[in-house]
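Engineer:
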Amino acid sequence: MILLEDWKAKELWEMGVVEIIDEADKVIGEIDRILNEEKKNAPLTPIPEGLYEKAEFYIYYLEKFVQVQGGSIEVLQTKLTKLRNLKKKYKMLKNIRFKKILEAVRLRPNSMEILSRLSPEEKRVYLEISRIRNEWIGE
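In this text, residue positions in the sequence shown follow this note's numbering: the first is 546, and each later residue adds one.
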């Protein structure tokens, strides 16, 4: 077995060269763990590197699997359940993190300390909203 980056695996899977090991349950579990931490802790805390990419990859994989692969009813039901669960939890995580980013921008725009706790996707949001805030309010 060879492990590949998500984007490589996606392209090879689309060409029919490789099979994807379905680790959606693992990603769902990781998001669950982070959701529990996020609900307990008020400040932004770092999340595992690449979590958003993994979640988006498995959402893509599960959607395509259901559309293209077919298979038994039980397999399709399992994949659809995973897909619904993953989408729901992923959206919850992004909503919680977004609210915390908005609050951080309100109180501490362009803070290097806060930036150090954000994923690359979140950094982009934080910096852009900080820029808009500073244009509007000044600082």
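Note that the Cβ used here is the ideal one computed from N, Cα and C, for glycine as well.
When you compare the CB positions of R646 and V670, do they come within less than 7 Å of one another, or not?
Structural biologist: Per the sequence presented here, residue 646 reads as Ile, with Arg not at that position. Yes, these two residues count as a Cβ contact at 7 Å.
Engineer: Can the beta-carbon of S656 be found less than 7 Å from the beta-carbon of I592?
Structural biologist: no
Engineer: Mind checking which residues open and close the alpha helix (DSSP H) that includes V563?
Structural biologist: Taken as a continuous stretch (DSSP letters only), V563 belongs to no alpha helix (DSSP H), as it is neither H nor E.
Engineer: When you compare the CB positions of E598 and I641, do they come within less than 7 Å of one another, or not?
Structural biologist: The answer is no: Cβ separation not under 7 Å.
Engineer: I think L580 touches K634, with their Cβ atoms under 8 Å apart; what is that distance to the nearest whole Å?
Structural biologist: 7 Å
Engineer: So, helix, strand or coil for P665, using DSSP?
Structural biologist: helix
Engineer: Would you kindly report the start and end of the unbroken alpha helix (DSSP H) that includes R486?
Structural biologist: The question about residue 486 has no answer here: the residues shown for the chain are numbered 546 through 684.
Engineer: Is A569 closer than 7 Å to L631 when the C-beta atoms are compared?
Structural biologist: yes
Engineer: In chain order, what residues of the same chain lie with their CB nearer than 6 Å to the CB of A600, ignoring the 5 residues before and after it?
Structural biologist: Excluding its 5 nearest sequence neighbours in each direction, A600 has C-beta neighbours in its own chain below 6 Å: V572 and Y635, listed in chain order.
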